[in-house]
Amino acid sequence: MTTLNTLVAVCLGYVLFLFVVAFMAERSALRGNGRWLRSPLVYTLSLSIYCTAWTFYGAVGSAARTGFEYLTIYLGPSLVMIGWWWVLRKLVRIGRTQRITSVADLISSRYGKSNLLAIGVTILAVVGTTPYIALQLQSVTLSFQVFGTPAPAADALHDYTALWVAVGLAVFTVIFGTRNLDANERHHGVVMAIAVEAVVKLTALLAVGVFVVWGLSGGLSETLARIDASPLGHWQMEGGRWAGITLLSAAAFLCLPRMFQVLVVESDDETHLRTASWAFPLYLMLMSLFVVPIAVVGLDLMPAGSNPDLFVLTVPLSQGQEGLALLSFLGGFSSATSMVIVAAIALSTMVSNHIVMPIWLRFTGGGASVSGDVRHVVLVSRRLSIAGVVGLGYVYYAVSGGGTALATIGLVSFAGLAQVLPAMLGGIFWRGATRVGAFAGLTAGFGIWLYTLFLPSFGSGMILPDALMQNGLFGLGWLRPYALFGIEGMDPVLHTLFWSMAFNLGAFFLASLVSFPSPLERLQGAQFVNIFQHSGAASSWSGGVVQSEDLMIMAQRILGAREAQALFAREAERQGHPGALPETSPDFLEALERELAGSVGAATAHAMVGQIVGGMSVSVEDLMAVADETAQMMEYSSRLEAQSAELSRTARQLREANAKLTRLSVQKDAFLSQISHELRTPMTSIRAFSEILRDGSALGPEDQAKYATIIQDEAIRLTRLLDDLLDLSVLENGQVSLNLRQGLLCDVLDRAEAAALAYTDGPRLQINRDRKAETLVLNTDLDRLSQVFINLISNADKYCDAAQPELDIRVVQTAESLVIDFIDNGSGVSVEARDVIFEKFARVSDGQAGGAGLGLAISRQIVTRLGGAITYLTGQKGAAFRVIVPQGMALAAQ
Amino acid sequence: MTAPAEDRPRRPSLFLERRTYRRRRLMDAARLLPLLGLLLWCIPLLWPSGPEGVTSSGALTYIFCVWLGLILVAFGLALRLRSEEVDKLPEARK
Chain A
1 MTTLNTLVAV CLGYVLFLFV VAFMAERSAL RGNGRWLRSP LVYTLSLSIY
51 CTAWTFYGAV GSAARTGFEY LTIYLGPSLV MIGWWWVLRK LVRIGRTQRI
101 TSVADLISSR YGKSNLLAIG VTILAVVGTT PYIALQLQSV TLSFQVFGTP
151 APAADALHDY TALWVAVGLA VFTVIFGTRN LDANERHHGV VMAIAVEAVV
201 KLTALLAVGV FVVWGLSGGL SETLARIDAS PLGHWQMEGG RWAGITLLSA
251 AAFLCLPRMF QVLVVESDDE THLRTASWAF PLYLMLMSLF VVPIAVVGLD
301 LMPAGSNPDL FVLTVPLSQG QEGLALLSFL GGFSSATSMV IVAAIALSTM
351 VSNHIVMPIW LRFTGGGASV SGDVRHVVLV SRRLSIAGVV GLGYVYYAVS
401 GGGTALATIG LVSFAGLAQV LPAMLGGIFW RGATRVGAFA GLTAGFGIWL
451 YTLFLPSFGS GMILPDALMQ NGLFGLGWLR PYALFGIEGM DPVLHTLFWS
501 MAFNLGAFFL ASLVSFPSPL ERLQGAQFVN IFQHSGAASS WSGGVVQSED
551 LMIMAQRILG AREAQALFAR EAERQGHPGA LPETSPDFLE ALERELAGSV
601 GAATAHAMVG QIVGGMSVSV EDLMAVADET AQMMEYSSRL EAQSAELSRT
651 ARQLREANAK LTRLSVQKDA FLSQISHELR TPMTSIRAFS EILRDGSALG
701 PEDQAKYATI IQDEAIRLTR LLDDLLDLSV LENGQVSLNL RQGLLCDVLD
751 RAEAAALAYT DGPRLQINRD RKAETLVLNT DLDRLSQVFI NLISNADKYC
801 DAAQPELDIR VVQTAESLVI DFIDNGSGVS VEARDVIFEK FARVSDGQAG
851 GAGLGLAISR QIVTRLGGAI TYLTGQKGAA FRVIVPQGMA LAAQ
Chain B
895 MTAPAEDRPR RPSLFLERRT YRRRRLMDAA RLLPLLGLLL WCIPLLWPSG
945 PEGVTSSGAL TYIFCVWLGL ILVAFGLALR LRSEEVDKLP EARK
């Protein structure tokens, strides 16, 4: 006989093994080489938490009592999985796109991120799941009792079995379920552990089944004959229950918090559904394959009155197959533990995100902008929620005394959670579903379920008084819990299912039809229903006035400093200015909200971002998008308009650039002809006079000297031209070295004035200067600066077309620079020429004066070298040039 | 994520249309399969109960055969419906 101690040791060893599996899975996921963790097989196996201890032990019990009804529990989910194309595919896509964290989050997110709905669904889920957790604890305790000796000492231990199991499960869940808060809400360790448990329980049940069929009954056909000969020999099934429970289990498969957790939240890849669509029904089929044979053989072998729920254990034990019994015990144990773990994670996420966090935010006043680590608060609240959920299950178990009342609680729980179905399916398929409708439907369904099934399930007189059960509420006969509206004799589960669903659906549709959704709700509705057309997020933030710093602080506290910084850096890079904080564009706010939603749920994330963004979250454009079905067209055309505006802008710039290039090219041509002319004229005279000198032996010395002088003058002219070209080329290549000296500005100007006007016939140009202002010490390349001044003065001399040409030289000293303006009283430079006067070869007046068009180009190069600038001043009476010399080089005279 | 539907050409070529057509019928089959299962599993509702009714072994055989059949068909459909092909389909136009 297996002693209790061995059993405890096996349990502890098994739990330790699970710890190791979960730990290794977390590790390899962290290292990034956990691709096998995300295989479709693991996903399929993780779905097996649908098969709890209730189905592991209870299926055989149910088969022994009522025949084939147990099958309905498996047929419903099989149909849902096979029909993945209808609902699951959409749910998973929505879950991934909107970063849904729980079934409550889905409902709340769909109906305008309403926290009231989330709280309602959370309460429903907690109420519905608590008895289920109690059921698991009971099954583990019962299975212990099968092995344990019925000694008085053992009884005390049994009392504690459930407690220890609950504590152990809570610890495991806290360790692996709240390890990471980060975005995806995926728990690789837990999922892997569940997958392993799925294999254990399937192996256990198959092993017992094989033993029963081939070991005890002697083969397949003998087993079938034995079944026909047994009390279960003929098909006996109440049609209503067959259809009703199949539908109920299908609904529960979608709505159970733990199923939603593994189906949608932990889903890594939509394509996994494709594999699961056939693999999970296969799993369910294998799980239910040997149930009837085990039940029949158990009824045969075991003494009358023994608990059929435990045939899976007692049949092998009675045959002395202790190892097999132990395996089967482990199967039941793993069914119970995996269910409790995932249910606790799912419920704690809901409780923490939708109840604890909003309350905490409210009580800490400023909400998102207060100091303190929200991340820490989320983790603590989630851990406490896990402990609370498991604790609640234990309390329920302890209070209800673990009696037979629990055996029926599985379907009661299903019926309660199925109340979410109308709001869920309505939300993803019908855009007209509104928050008011969902709330009305949930309330009606939940209320009827509570009144007609949940409260009576404690037993008559436990919570609802006997009188009420007999005579109905307020003595009204048609309000009797088991016979609403006077319809008596219905099966209680079907009775509740029928009325709760009828009222749930009715209230949901009616309230949806008469109410009007808020803009955010309509946006979310469109997003959810048309998820395959546009998998983008709801555009909801108008943005603009928010401080990125505030968002950063908040995000750091929720996501953790490193993740938040990485997110912000990524967004900034996407916006095109890496290294800075991202701008609070609507896109960025949405991305941030989605990230936060992964940690604290959509409603809370929305509220937190809303607190910082402040005010209205839906922009006028969004309202238009809701109001107008053609909004997308409008958006598209406005994008087109923007693009075409940009194109025409670019085209204008190109045209301008082209015009400038054409002008430059014309000038270059003009210059080339000019320079060839300039070069040829002196060349021609040099050639002509040198020929005369060579051939003309009859020339007198006077003529010879005269001609030689002409040749020399022309040669000088050529040299000057070539010097200018060379100068410009040197300056442009940056090869010039500055000869910095100190000197007075007025001296430089004096020299320039003298040099510029030296070759003119008498001082035609009058120069007005303010010598006092010019008394400034310069520390610069005085020769180069003077070259600029000479050029400007001689330009004024050459081109000023006034009758009495005058040149004003004004000197102004500013904080940073010295500004010297040269303004004449002529007609100035024409507007179109101003662009090009500083270009090489630019000549404003064609051939009127002898310059080669290099002066201003050289001047600009020089001033740029000196660290200043030369510009053409507009708005003066004549041509006006401004030379700016940096102040570092100008010192006031002592 | 899928490419947005509007990115796809409005009028695909004849060849593409044929392939799309084939895939859409596969999607229809995937949609219809659970309904077929529901129908087949509702047949037991017609069976008479009691000693002169269907034997348990017969009932079990029927239910599990239907189950296995559904699994096999679902497996075949899953093989054919490769996600990368399927996801590119515009959902709106079936």
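Protein chains in written order, with the working numbering: chain A, 1 to 894; chain B, 895 to 988.
Glycine included, each C-beta is placed from N, C-alpha and C at the ideal position.
Keep in mind the model is a prediction, meaning the values are calculated, not measured.
Task: Nonlocal neighbours in the same chain, by C-beta distance under 7 Å from residue 521 of chain A, ignoring five residues either side - done: Cβ within range, chain order: 111, 112, 434, 435.
Q. When the cut-off is 8 Å and only beta carbons count, does residue 914 of chain B lie next to chain A?
A. Chain A contact via Cβ: absent.
Note to self: With DSSP as the reference, identify every bridge partner of residue 353 of chain A, one or two as the case may be.
What the structure shows: The secondary-structure analysis by DSSP pairs residue 353 of chain A with nothing; it has no beta-bridge partner.
Quiz item: Can a CB atom of chain B be found closer than 8 Å to the CB of residue 344 of chain A?
Solution: Output row for residue 344 of chain A: interface = no.
message = Beta carbons nearer than 7 Å to chain B: which residues of the segment 253–286 of chain A have them?
response = Answer in chain order: 270, 271, 274, 275, 277, 278, 281, 282, 285.
Exercise for the section: Give me the Cα-Cα distance between residue 94 of chain A and residue 589 of chain A, rounded to the nearest whole angstrom. Expected result: Each residue's Cα considered, the two are about 19 Å apart.
- Within 8 Å (strictly less), CB to CB, does residue 427 of chain A reach chain B? The C-beta of residue 427 of chain A comes no closer than 8 Å to any C-beta of chain B.
Please classify residue 516 of chain A as buried or exposed, where buried requires at least 16 other C-beta atoms within 10 Å of its C-beta.
By the neighbour-count criterion, in which 16 or more other beta carbons inside 10 Å mark a residue as buried, residue 516 of chain A falls on the exposed side.
Note to self: Judging by CA-CA distance, which residue of A:827, A:833, A:818, A:824 is the nearest neighbour of residue 870 of chain A?
What the structure shows: Residue A:818 is the option with its Cα nearest to residue 870 of chain A.
**Item:** Residue from A:493, A:412, A:484, A:507 with nearest C-alpha to residue 440 of chain A
**Value:** Closest by alpha carbon: A:507.
query: Is the beta carbon of residue 221 of chain A sitting closer than 8 Å to the one on residue 73 of chain A?
result: Not a contact, by the Cβ cut-off of 8 Å.
**Prompt:** So which residues of chain A does residue 975 of chain B contact, with C-beta pairs closer than 8 Å?
**Reply:** Residues of chain A passing the Cβ test: 274.
Next on the checklist: Considering only the alpha carbon of each residue, which of A:772, A:275, A:773 lies closest to residue 42 of chain A?
Outcome noted: Minimum Cα distance to residue 42 of chain A is reached at A:275.
| query | Taking C-alpha atoms, which residue in A:203, A:199, A:296, A:283 lies nearest to residue 216 of chain A? | reply | Measuring C-alpha to C-alpha distances from residue 216 of chain A to each of A:203, A:199, A:296, A:283 identifies A:296 as the nearest.
- Query: When you compare each of A:18, A:11, A:377, A:713 to residue 349 of chain A by their alpha carbons, which one comes out closest?
  - Reply: Of the candidates A:18, A:11, A:377, A:713, the one whose C-alpha sits nearest the C-alpha of residue 349 of chain A is A:377.
Whole angstroms is fine: what's the gap from residue 540 of chain A's alpha carbon to residue 731 of chain A's? Because the pLDDT of residue 540 of chain A is 45, which lies under 50, any placement of that residue in the model is unreliable, and the number read from its coordinates should be weighed accordingly. Between residue 540 of chain A and residue 731 of chain A, the alpha-carbon positions lie close to 58 Å from each other.
Discussion item. Looking at the strands, I want to know which residues DSSP matches up with residue 821 of chain A.
Written reply: Bridge partners of residue 821 of chain A: A:810, A:882.
query = Under a Cβ-count criterion, where at least 16 other Cβ atoms within 10 Å of its own Cβ denotes burial, should residue 17 of chain A be classed as buried or exposed?
reply = Residue 17 of chain A comes out exposed.
*Look at the Cβ atom of residue 128 of chain A, then the Cβ atom of residue 413 of chain A, and state whether they are nearer than 8 Å.*
In this structure, residue 128 of chain A sits near residue 413 of chain A, with a CB-CB distance shorter than 8 Å.
Note to self: Starting from residue 787 of chain A, trace the beta strand (DSSP E) in both directions and tell me its first and last residue.
What the structure shows: Annotation for residue 787 of chain A: no beta strand (DSSP E) segment contains it, though the alpha helix (DSSP H) segment containing it runs 782–799.
Q: Evaluate residue 729 of chain A with the Cβ neighbour count: other Cβ atoms within 10 Å of its Cβ, from every protein chain shown; 16 or more gives buried, anything less gives exposed.
A: Looking at its Cβ environment, which holds fewer than 16 other Cβ atoms inside 10 Å, residue 729 of chain A is exposed.
Does the distance from the CB of residue 345 of chain A to the CB of residue 419 of chain A come in under 8 Å? Taking 8 Å as the cut-off, the Cβ atoms of residue 345 of chain A and residue 419 of chain A do not count as close.
Fill in: Helix, strand or coil at residue 766 of chain A according to DSSP, with G and I counted as helix
DSSP places residue 766 of chain A in the strand class (E or B) of the three-state scheme.
From the DSSP secondary-structure annotation, give me the bridge partner or partners of residue 694 of chain A.
Paired residues: none, contrary to the question.
What residue range is occupied by the uninterrupted beta strand (DSSP E) comprising residue 50 of chain A?
Careful: residue 50 of chain A lies outside any beta strand (DSSP E) and carries neither H nor E.
Handout entry: Burial state of residue 36 of chain A (16 or more Cβ within 10 Å)
Key = Its Cβ having fewer than 16 others within 10 Å, residue 36 of chain A is exposed.
query = What separation, rounded to the nearest whole angstrom, lies between the Cα atoms of residue 273 of chain A and residue 319 of chain A?
reply = The straight-line gap from Cα to Cα measures roughly 41 Å.
| task | Would you please verify whether the beta carbon of residue 965 of chain B is less than 8 Å from any beta carbon of chain A? | result | At a cut-off of 8 Å between beta carbons, residue 965 of chain B contacts chain A.
- Query: Would you say the segment 822–842 of chain A touches the segment 791–805 of chain A, given that touching needs at least three Cβ pairs under 8 Å?
  - Reply: By the C-beta criterion, the segment 822–842 of chain A is judged to be in contact with the segment 791–805 of chain A, since at least 3 inter-stretch pairs fall below 8 Å.
| Using a C-beta to C-beta distance shorter than 7 Å, which residues of chain B count as neighbours of residue 79 of chain A? | Neighbours of residue 79 of chain A across chain B, judged by C-beta separation under 7 Å: 928, 931, 932.
- Message: Along the chain, where does the beta strand (DSSP E) containing residue 741 of chain A start, and where does it finish?
- Response: Segment 741–744, the beta strand (DSSP E) holding residue 741 of chain A.
Original post:
Relative to the C-alpha of residue 787 of chain A, which residue among A:56, A:862, A:873 is closest?
Top reply: If you compare the alpha carbons of A:56, A:862, A:873 with that of residue 787 of chain A, the shortest gap goes to A:862.
query: Would residue 495 of chain A be called buried (16 or more neighbouring beta carbons within 10 Å of its own) or exposed?
result: So residue 495 of chain A counts as buried.
Rounded to a whole number of angstroms, what is the C-alpha to C-alpha distance between residue 743 of chain A and residue 772 of chain A? Put simply, the backbone Cα of residue 743 of chain A is about 15 Å away from that of residue 772 of chain A.
### Message
Once the 5 residues before and after residue 286 of chain A are set aside, which same chain residues still bring their CB inside 7 Å of it?
### Response
202, 206.
Beta-carbon contacts of residue 119 of chain A that lie in its chain and below 7 Å, excluding the five residues immediately before and after:
Around residue 119 of chain A: 354, 355.
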